[in-house]
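Working notes, structure below.
Residue numbers (our numbering), protein chains in the order written: chain B, 726 to 1030; chain G, 163 to 622.
Given below as structure tokens:
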């Protein structure tokens, strides 16, 4: 009987699922659902609810390995709690904040190679170019966005106000945001959250895959725009393009309490974007603030009508 | 010239100042009575208690005259380098070029404390979307906007990567307001893996050779910008001389800390020691004068230790303090509650270690930058704290939280249990805002409880 394929859980968009799959392991992007009773990270003031929920969910997942990244300081530090609190092998992937230098790009490539060695230690196989190329062209390996699971719902055929949702990652409970926008007469035409379109790599170039798939993989993933990059001008370049493409008329900006990288962008986005922006912060407990959220979204959409 | 060591108020200091001047005390150009700084708006000074030595007076005057020094440097044609999120690396490079002056814009985090929220800096940060969920270092944004607390630098650098999110986000906001920033990457320090060459860093942490090489390449990039600003090359000779000066300051601090933390009677209070340690990071805009100020302070401490005199009672609880405090008065409060500082980790322990001199200077600086306790795991930091607790004989640990700081939410969860496991010491976590007035009763109750616990453990 064959041994089941080990699952590697992660949540950061800079972890390429294709790289894990090429090692013969099962990538699983964890979109956390905060559970009662912390197993690793306590809910303490100052701790981002997403980082807290991710490490707790990952710890209880029974995965073969966990990949955390340095994309934010809280995740970087939550990794310390993981390695102290559980036996599941964990790996901290260094994602450079700077992106304009060749050295930073090489550092990211080297980190992917180091991740590869970790995956081999967990029982994965060292991938050949063909293994990786296949994983990169295999549709089944594509990264799913949080929204893709409900793409067919919505209010197609009726008039709507096109809305962009911008921000960091969303948890499962945050899907209510999309429902509230739709029940208020809007439709999300751009999911620019970390768990949405913005958190996806650009399409791979088949010619470059043939030349060196790892370099193409690293280049595509390293180009994901994010608030935490320094400078984060690429995030705004991406938003400019996508907002124009989707003809969004307003932005719902979502971030978690204590997420400094995104919270700091709200005021700048409002100054920059030239369209109405509704800022929503969340403590990660969807049920507790849904009434407040509904009222605010309704008011925002009424204002846009 | 000094009477016995005492902690005195600002009013008492001004009287003492007059007496010392009459007795023939000489001072550097930035000298004068401390009370004059209150007229500049530094009203928190009225609520602090100070060591009564001329060396401490010089220390305070040096600290509180930094803005004048920066403006004078600019007027004399020197270029200013604002080294953000940089705990002791770029300033060493900048001071190796004699027409550059480096300073630490992040130091603005103490302005809301020293000026008791009267400057409006936090309100400006609020208006820019950087609210109280961020660390008090957000005051720096306001300082850049008003240009009232330091002149705008000619070059602004900022380390990013394994740094706190608060500062990184605030610096990005500053960048978004039109201030050009040279970002340089400091990766999260990790252990070398099998097959990788490991480097032992100053202070004892390890990192793979590849990370040292990477940081070196980043510092070379910063060095290029400094050379361009200075209009002259930053050669190994100049850098080695700059490192030698930095090491001189670090050596003085090392001796100062050892005596202050281990003498039977506390020879220098916690507040002055905190200020002295901070100088290691940025030299308060004058590297040469920093060395003189620290030498003076050390001489005073050595005199007191030799004479067997000091502050506080001999049975004061010996406390190891983790993280700097946003309100300087917290240092006084600890002593009021019967504690005494015997060991610190104010986020920059690496800036107190000697920079290696037997290797090429840029390599040495790269190693220093990677040795930053905040760049690595909290587990590493906890290990260093445990080592220093043993070195200085502390009896309890206070982990002081900085409101809103991204690293503070979790580090107590790591450092606390490790200290308890390794040293068996009580650990107290407290939060110290920029002004503690409203929470002082609670803070004191917690500090007193810790002191009582320490004394109770002695009896058992």
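Each residue gets a CB set at the ideal place from its N, CA and C atoms; glycine is no exception.
In three-state DSSP terms, what is residue 501/G? Strand, per DSSP.
For residue 314/G, the nearest candidate out of 321/G, 305/G, 322/G and 349/G (CA to CA): Here the closest residue by C-alpha is 305/G.
Give me the Cα-Cα distance between residue 592/G and residue 563/G, rounded to the nearest whole angstrom. Spanning the two alpha carbons is a distance of roughly 6 Å.
Applying the 10 Å Cβ sphere with the 16-neighbour rule, what's the burial state of residue 521/G? Residue 521/G should be labelled exposed.
Output, in chain order, the set of chain G residues within a Cβ distance shorter than 7 Å of residue 957/B. Near residue 957/B (Cβ distances below 7 Å), the residues of chain G are 334.
What is the DSSP secondary structure of residue 169/G, counted as helix, strand or coil? Three-state result, residue 169/G: strand.
Residues near residue 934/B in its chain [Cβ-Cβ closer than 6 Å; skip 5 each side]: Same-chain partners within the cutoff: 858, 861 and 941.
Do you know whose CA, among 357/G, 436/G, 526/G and 448/G, lies nearest residue 491/G's CA? Nearest C-alpha to residue 491/G: 436/G.
What are the residues in the region 337-350 of chain G lying within 8 Å of chain B by C-beta distance? So the list reads 337, 338, 343, 345, 346, 347, 349 and 350, given in the order they occur along the chain.
Is residue 276/G near residue 242/G, with beta carbons less than 8 Å apart? Pairing residue 276/G with residue 242/G gives a Cβ-Cβ distance that is not under 8 Å.
In the DSSP output, which residue or residues are listed as bridge partners for residue 677/G? Since the displayed chain G opens at 163 and closes at 622, residue 677/G lies outside it and no answer follows.
Less than 8 Å between the CB atoms is what I'm expecting for residue 250/G and residue 479/G, so what's the real figure, rounded? Going by Cβ atoms, the distance from residue 250/G to residue 479/G rounds to 30 Å, so no, they are not a contact pair.
Going straight from the alpha carbon of residue 236/G to that of residue 408/G, what length do you get? Each residue's alpha carbon lies about 22 Å from the other.
Quick one: what does DSSP say residue 199/G is sitting in, helix, strand or coil? Taken through DSSP and simplified to helix, strand or coil, residue 199/G comes out as helix.
Interface residues of chain G around residue 769/B at Cβ under 8 Å? Correct list: 571, 572 and 575.
Residue-level contact to chain G via CB, residue 821/B, 8 Å cutoff: Yes, contact with chain G.
Nearest neighbour of residue 952/B, chosen from 498/G, 424/G, 331/G and 488/G [CA to CA]: Out of 498/G, 424/G, 331/G and 488/G, 331/G has the C-alpha closest to the C-alpha of residue 952/B.
Could you give the residue range of the alpha helix (DSSP H) that holds residue 804/B? 798-810 is the span of the alpha helix (DSSP H), which, as asked, contains residue 804/B.
Residues near residue 875/B in its chain [Cβ-Cβ closer than 8 Å; skip 5 each side]: Its pLDDT being 44, under 50, residue 875/B is placed unreliably by the model, and the measurement read from it follows with that caveat. So the qualifying residues of the chain are 900 and 903.
Going along chain G, which residues have a C-beta under 8 Å from residue 803/B? Per Cβ cutoff of 8 Å: 572.
Would a check of beta-carbon distances place residue 602/G closer than 8 Å to chain B? It does not: the Cβ of residue 602/G has no partner Cβ on chain B nearer than 8 Å.
Flag this pair as yes or no: are the beta carbons of residue 339/G and residue 992/B separated by less than 8 Å? No, these two residues do not count as a Cβ contact at 8 Å.
May I have a chain-ordered list of the alpha helix (DSSP H) segments no shorter than 4 residues that lie completely inside the region 515-540 of chain G? Annotation: the region 515-540 of chain G contains the following complete segments of the alpha helix (DSSP H) (minimum length 4 residues), in chain order: 523-532.
CB-CB under 8 Å to residue 918/B, same chain, minus the five flanking residues each way: which ones, in chain order? When the five nearest sequence neighbours on each side are left out, the beta carbons in the same chain lying within less than 8 Å of the beta carbon of residue 918/B are those of 871, 890, 891, 892, 893, 894, 895, 924 and 979, in order along the chain.
Closer than 9 Å at the beta carbon, the chain G residues around residue 795/B: What residue 795/B touches in chain G: 323, 324, 349 and 350.
Under 9 Å, CB to CB, which of the residues in the region 547-571 of chain G have a partner in chain B? Residues passing the 9 Å Cβ filter: 563, 565, 566, 567, 568, 569, 570 and 571.
Taking only three categories from DSSP, how would you classify residue 879/B? Because the pLDDT at residue 879/B is just 45, under 50, the model does not fix this residue reliably, and the value given afterwards should be weighed accordingly. The answer is coil: DSSP assigns residue 879/B none of H, G, I, E or B.
Nearest chain G C-beta to residue 878/B closer than 8 Å, yes or no? With a pLDDT of 43 at residue 878/B, under the threshold of 50, the predicted position of this residue should be treated as unreliable, and no value is reported.
In chain G, which residues lie with their C-beta within 8 Å of the C-beta of residue 991/B? Within chain G, the residues near residue 991/B are 291.
Which one of 765/B, 982/B, 1000/B and 830/B has the shortest CA to CA distance from residue 888/B? Nearest C-alpha to residue 888/B: 1000/B.
Is there contact here, the region 391-405 of chain G with the region 533-549 of chain G, by at least three beta-carbon pairs under 8 Å? No: fewer than three Cβ pairs fall under 8 Å.
Give the DSSP bridge partners of residue 148/G, in chain order. Only positions 163 to 622 of chain G appear in the structure, and residue 148/G is not among them; the question remains open.
Give a yes or no on contact between the region 591-605 of chain G and the region 447-466 of chain G, applying the rule of three or more CB pairs nearer than 8 Å. The region 591-605 of chain G makes no contact with the region 447-466 of chain G; the number of CB pairs closer than 8 Å stays below 3.
Residues in the same chain with beta-carbon distance under 7 Å from residue 328/G, minus the five sequence neighbours each way, listed in chain order, please. Excluding residues within five positions, the ones whose Cβ falls inside 7 Å are 296, 297, 299, 566, 567 and 568.
Under DSSP, the beta strand (DSSP E) around residue 370/G begins and ends at which residues? Run containing residue 370/G: 368-370, per the beta strand (DSSP E) assignment.
Quick check on residue 268/G - is its C-beta less than 8 Å from some C-beta in chain B? Output row for residue 268/G: interface = no.
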